[in-house]
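Shown next, in structure tokens, is the structure this report addresses.
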Amino acid sequence: MSTSDKKDIKQDNKIIIFDTTLRDGEQSPGVALNMDDKLQIGRQLEKLGVDVLEAGFPIASPGDFEGVRTLARELQGLQVAALARATKKDIDTAWEAIKEGVNPRIHTFLATSDIHLKYKLRKTREEVLEMAGEAVKYASRYTSNVEFSAEDASRTDLDFLCRVFERVIDCGATTVNFPDTVGYAIPWDFGRMIKYVMENTPNIHKAVLSVHCHNDLGLATANVLSAINSGARQVECTINGIGERAGNTAMEEVVMAIKTRNDLLPFETNINTRHIAATSRMVSMLTGMVVQPNKAIVGANAFAHESGIHQDGVLKERTTYEIMDPRDIGLSSGSLVLGKHSGRHAIKAKLHEMGYDLSEEEIGRVFERFKVLADKKKEIFPEDLEAIVAEEILRIPERFRLTYLHVAGGSGIRPTATVGIEVDGKEEVAVSIGAGPIDAAFNAVSKIVKTKSKLLRFTVNSITGGTDAQGEVTVRLQEGDKVVTGQGADPDIITASVRAYLTALNRLEYK
Ligand code: KIV
Ligand code: ZN
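Each residue of the sequence shown is one higher than the one before, counting from 23 in the numbering used here.
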């Protein structure tokens, strides 16, 4: 092909961010988002600057279909994608779900590795080549925005993969995706594979080459960066790296690596990094997937300096031990931002600066919680406000509401809790003992709510530094086949625990 025939559709240094938090991320064990959750996350991802948002797998269930359709209708600032296997029925259903979106994308996939062909598909390479081409041709009748993924590409014979990509691009695919489905790739080898595809797929200049890496060996981000270096220009990723098994590439890691090491990674994304922390918290809150404290970029310890030498260095000059400015991801710089004398206007302005567009009624609710917190805690940081917003604004309808909590405990005393809960507007009170104060409080709650749920997980994290910091508690419950999570935050971790427990119980009711 002569150079004049080549119509390059890519901008050389722009990396397209394709977020799959609501599809691959939702496939994380125990995660089940309802429509409101999906919409909240979708709007936040739009604000964050995501280019393409994969909203779900419409054929999977009516709930998935409705979720994708609602997001495609509601989100006008990005492309909404829907996943489909390489069959007409899947593709028809995907299109039906996204057709009202702005430049919506059909994302169809088919496995290409010999191991998948032999054991899963029971098809020959020639049959798979045909099927892939036909699926893309079929999808292209609806839209020119068609992505094809070669599932298990990293274990696929590369010459066969190039033939598949050449065929689907000829049939109309404008993005071809190279997934490391099982997280098997090693960075330099992954880069070599991407380079091979770039050099041996004759029409690759007519499509964007994308990568989608899983984190089974903890190498997803490294593999993605190596792929970008070799020519990939779309990254499929999730917030906090959630996803199947060990998860997907964490968006915040790729974006901040590009921003921080732009000397070696001279690329750009549309992501407004100042919304990263809020997005991470929202996804954690709504999915119940707790972010590990030492998680890069968004973990509670990511900007904490424990050793005296480090603290001294940072106080003298931040860059001695900090390669990123916490403000770049929307965290406070460590300085006091708000206190008990701050008024409603100051809270409103701060919330706006943090990227929250709340109604006056919602600001009022946040302000009430803020005043209660400011009475207990001298310094209020943006992270504290975020926790309040997460609890107050993102919460689901409440059947059970905490009205009273008194706990007695200590050495030599049998832990006892008295709990008051409004159930459908009527207050009920129960007293219980327990192994510890939290156990006692949960037992009292269970007496009132008469729940049969089983506590699967209970975790506590500190939102900021200091002994007056708010503790953020996450509770995961199971009742039958329903698994839900709830979070609560308060400087008193027993109150935070009961709030988290009630949020989870309300979720069980809501489901
Ligand atoms: O991991 C994978 O291969 C996928 C594809 C559907 C892109 O999620
Ligand atoms: Zn995947």
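All C-beta atoms, glycine included, are put in the ideal place defined by N, C-alpha and C.
Quick check: is any heavy atom of the ligand KIV less than 7 Å from the C-beta of L75?
no
Take K18 and list the residues in its own chain whose beta-carbon comes closer than 7 Å to its own, dropping the five residues that flank it on each side.
Nothing can be reported for residue 18: it is not among the residues displayed for the chain, which extend from 23 to 533.
Which one or two residues does DSSP pair with T146 in a beta bridge?
Paired residues: none, contrary to the question.
Determine, using beta-carbon pairs with one atom in the region 477-491 and one in the region 384-392, whether at least three such pairs fall under 8 Å.
no
Using beta-carbon positions only, say whether N465 and S454 come within less than 8 Å of one another.
yes
Is the beta carbon of D397 less than 8 Å from the beta carbon of K372?
no
Cβ of M273 within 8 Å of Cβ of I39?
yes
Beta-carbon within less than 6 Å of C235's beta-carbon, same chain only, minus the 5 sequence neighbours each way: which residues are those?
D202, A242, N245, V246 and T271
In the DSSP assignment, what are the bridge partners of D512?
G493
Would you call N483 buried or exposed, if buried means 16 or more other Cβ atoms sit within 10 Å of its Cβ?
buried
Expected contact under 8 Å - CB spacing of L180 and A172 to nearest Å
No, L180 and A172 are not in contact; Cβ-Cβ is about 11 Å, not under 8 Å.
Reduced DSSP secondary structure (H/G/I, E/B, other) of F79
coil
State yes or no: is the C-beta of E173 nearer than 7 Å to some heavy atom of the ligand KIV?
yes
Shortest alpha-carbon distance to R366 belongs to which of G377, D174, K393 and L353?
K393
Since I2 and V233 should fall inside the 8 Å C-beta cutoff, what is the C-beta to C-beta distance between them, to a whole number of angstroms?
Only positions 23 to 533 of the chain appear in the structure, and residue 2 is not among them; the question remains open.
Three-state class that DSSP yields for K60 in the structure shown:
helix
Pairwise C-alpha distance: I516 and N284
45 Å
Span of the beta strand (DSSP E) holding I128?
R127 to A133
Which ranges does the beta strand (DSSP E) cover as unbroken runs of at least 3 residues, wholly within the region 194-264, from first to last along the chain?
197-202, 230-235 and 256-259
Distance, A368 Cα to S248 Cα
44 Å
Label Q66 either buried or exposed according to how many other C-beta atoms from any shown protein chain fall within 10 Å of its C-beta, with 16 as the threshold for buried.
buried
Can you list, in chain order, the residues of its chain whose CB lies under 6 Å from that of I191, leaving out five sequence neighbours each side?
N225, K228 and A229
K142 to R177, Cα distance in whole Å?
14 Å
For a test of the three-state rule: what should DSSP assign to D397, helix, strand or coil?
helix
Helix, strand or coil at Y164 [DSSP, three-state]:
coil
In whole angstroms, what is the alpha-carbon distance linking C259 and F289?
17 Å
Tell me which same chain residues have a C-beta within less than 8 Å of the C-beta of V505, skipping the five on either side of it?
G52, A54, L478, R498 and L499
Can you tell me the Cα-Cα spacing of A116 and F131, whole angstroms?
12 Å
In terms of residue numbering, what span does the beta strand (DSSP E) encompassing N483 cover?
K476 to S484
Can you tell me the Cα-Cα spacing of V429 and A462, whole angstroms?
8 Å
Would you say G71 reaches chain D, if we count a Cβ-Cβ gap shorter than 8 Å as a contact?
This model lacks chain D altogether, as it is built from one protein chain only.
Report buried or exposed for V313, applying the criterion of at least 16 other Cβ atoms within 10 angstroms of its Cβ.
buried
Are N237 and G213 touching if we call contact CB-CB under 8 Å?
no
If you measure from the CB of D46, is any heavy atom of the ligand ZN nearer than 7 Å?
yes
Buried or exposed: which applies to I137, given that a residue is buried once 16 or more other Cβ atoms fall within 10 Å of its Cβ?
exposed
In whole angstroms, what is the alpha-carbon distance linking T146 and G253?
30 Å
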